[in-house]
Amino acid sequence: MIRVGIVGLGFMGKMHFRCYKALEDVQVVAICDTDKAKFSDAAGTAGNIAGAEAPLDLTGIGLYDDFDRMLAEARLDALSVTLPTYMHTDFTVKALDAGVNVLCEKPMALSVEDGQPMIAAAKRNGKLLQIGHCIRFWPEYAAVKQIIASGEYGKLLAATFQRLSATPTWSWQGWLMDPGKSGAAALDLHIHDSDFVHYAFGMPKAVFSRAASGPSGDDDHIVTQYLYDDRCAVTAEGGWTMTPGFGFEMSFNIVLEKATIVFDCNRSPALKVCPAEGDAITPAVAPGDGYSNEIAHFAKAVSGQSVPEIITPEQSLESVRLVMAEKQSARSGEKVAL
Ligand SMILES: NC(=O)c1ccc[n+]([C@@H]2O[C@H](COP(=O)([O-])OP(=O)(O)OC[C@H]3O[C@@H](n4cnc5c(N)ncnc54)[C@H](O)[C@@H]3O)[C@@H](O)[C@H]2O)c1
């Protein structure tokens, strides 16, 4: 039985809790949040609005408002760091130094410099560090990564990714709308696609970006061209400047020599492979979603089972570097080499 803790019981902390609860041989034994109201909100005794998600059953779980005390008392094997991004480095390093394996939410950190101590701490303690790049585990994205890598449909000609959202309003003390704490939509939201471009096609040679300022006063709607040696055209657009009625959309179109692959989370079927000849195919994809799959992967790795290499801390740091280059390009109006 793996003993798991969660620090930060906000939007993602609750998601991690639900995903761990669905696993056998994993027990959430402790949760820490400095805002104690989060425990009663999550358990449904307060703030449980009709139609909201089912309350969490926190019975028997150690509830803490002091992270050091949780680390000292809870005998954790693993910890989810689901805190605001600007806290990722300190909490992750502390947990790793206490001998606890860490699954830290994306983005890894606010800068490459802030991510480096996290990797060093995992190495010096011989512990696992996984960053929550759930899109690598999202069934349709994972299937497409395999289709591209198989070479079945030839080389990449073009790809475009979109991730668009109404402005998020839920964050604790409004930290998401403070670019010094979240990195704005470019680092918080669009990094999902920057990381997938990196995963599927490798690091580009350079980026060229334009970004509009939005509700955070920083890069809240960004469009990037990822420049590779060959003549493929790869772009991604991400932002949280959409109006409330828009909701959320993630989608992509990938043009290979012998097939076009399209995905839209709001369409059914969401994923279609349209080969050069014959009808469109709806490929079978793994069950679950990116969150449950990444958490199952982490739990397996913590328990010592062998898992495929899907995400490393070094790759996660490279994705932060990629977004930083995009932000720099948007600011300078110039292409930025990587
Ligand atoms: N993978 C995804 O798709 C995805 C989606 C949303 C958010 N995220 C990431 O998850 C992380 C958390 O985001 P969120 O939306 O859940 O934020 P949130 O604002 O909903 O939750 C943050 C929680 O941390 C708690 N907290 C603050 N300071 C604390 C401290 N010192 N000790 C303990 N608890 C403390 C707050 O009370 C709050 O409950 C961010 O890095 C964000 O980028 C990832």
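Using the numbering used here, the first residue of the sequence shown is number 55, and each one after it goes up by one. Just so you know, even glycine gets a beta-carbon here, dropped at the ideal spot from N, CA and C.
Straight-line CA distance for residue i to residue j?
i: tryptophan 224; j: leucine 310; result: 39 Å
i: methionine 124; j: alanine 84; result: 7 Å
i: histidine 244; j: serine 219; result: 10 Å
i: tryptophan 226; j: serine 322; result: 34 Å
i: histidine 362; j: cysteine 188; result: The question names histidine, but residue 362 in the sequence shown is proline. About 15 Å.
i: glutamate 107; j: aspartate 95; result: 11 Å
i: leucine 183; j: glycine 205; result: 31 Å
i: alanine 128; j: isoleucine 365; result: 28 Å
i: isoleucine 78; j: alanine 97; result: Per the sequence shown, the amino acid found at residue 78 is glutamate instead of isoleucine. Rounded to the nearest angstrom, the two C-alpha atoms are 22 Å apart.
i: valine 339; j: glutamate 194; result: 6 Å
i: histidine 70; j: serine 346; result: 8 Å
i: glycine 116; j: alanine 126; result: 12 Å
i: isoleucine 56; j: phenylalanine 302; result: 34 Å
i: asparagine 320; j: phenylalanine 300; result: 12 Å
i: lysine 354; j: leucine 164; result: 28 Å
Between which two residues does the beta strand (DSSP E) containing residue i stretch?
i: aspartate 274; result: 273-281
i: serine 219; result: 210-220
i: aspartate 318; result: 313-318
i: phenylalanine 255; result: Per DSSP, phenylalanine 255 belongs to no beta strand (DSSP E); it is in the alpha helix (DSSP H), 245-255.
i: phenylalanine 425; result: Coverage of the chain is limited to positions 55 through 392, which leaves residue 425 absent and any answer about it impossible.
i: alanine 265; result: 260-267
Please identify the residue among the options whose C-alpha is closest to the C-alpha of residue i.
i: valine 154; options: Leu130, Asp79 and Gly169; result: Leu130
i: aspartate 247; options: Trp226, Ser236, Asp168 and Arg190; result: Arg190
i: isoleucine 74; options: Ala213, Val327 and Asp111; result: Sequence inspection shows tyrosine at residue 74; the isoleucine mentioned does not correspond to that position. Tyrosine 74 has its Cα closest to that of Asp111, out of Ala213, Val327 and Asp111.
i: proline 233; options: Gln216, Val261, Glu206 and Asp273; result: Asp273
i: serine 360; options: Thr139, Tyr207, Pro367 and Ala350; result: Ala350
i: threonine 214; options: Lys160, Met172, Leu281 and Trp229; result: Leu281
i: alanine 239; options: Glu380, Ala132 and Gly256; result: Glu380
i: phenylalanine 121; options: Tyr195, Met141 and Pro298; result: Met141
i: glutamine 372; options: Asp284, Ser263, Gly358 and Glu167; result: Checking the displayed sequence, the identity of residue 372 turns out to be glutamate instead of glutamine. Closest by alpha carbon: Glu167.
i: lysine 148; options: Leu133, Arg57, Lys160 and Thr139; result: Leu133
In chain order, what residues of the same chain lie with their CB nearer than 8 Å to the CB of residue i, ignoring the 5 residues before and after it?
i: valine 198; result: Ala254, Phe306, Ile308, Ile315, Phe317 and Leu325
Starting from the C-beta of residue i, find all residues in its chain whose C-beta is less than 6 Å away, skip the five residues before and the five after it, and write them out in chain order.
i: serine 181; result: In the sequence as displayed, the identity of residue 181 is lysine instead of serine. Closer than 6 Å at the Cβ level, and outside the excluded window around lysine 181, lie Leu150 and Asn155.
i: aspartate 242; result: Ser236
i: isoleucine 335; result: Val327
i: phenylalanine 352; result: Leu157 and Gln184
i: phenylalanine 262; result: Gln279, Ser383 and Lys389
What residue range is occupied by the uninterrupted alpha helix (DSSP H) comprising residue i?
i: glutamate 291; result: That residue, glutamate 291, is in no alpha helix (DSSP H); its beta strand (DSSP E) goes 287-296.
i: tyrosine 118; result: Unbroken run through tyrosine 118 is the beta strand (DSSP E), 116-118; no alpha helix (DSSP H).
i: isoleucine 173; result: 166-179
i: valine 198; result: 193-204
i: valine 147; result: 142-151
Excluding the five sequence neighbours on either side, which residues of its own chain have a C-beta within less than 7 Å of the C-beta of residue i, listed in chain order?
i: leucine 137; result: Val61, Gly62 and Phe145
i: arginine 217; result: Leu243, His244, His246, Asp247, Gly292 and Met304
i: proline 367; result: Met172, Ile173, Ala176, Leu183 and Ile185
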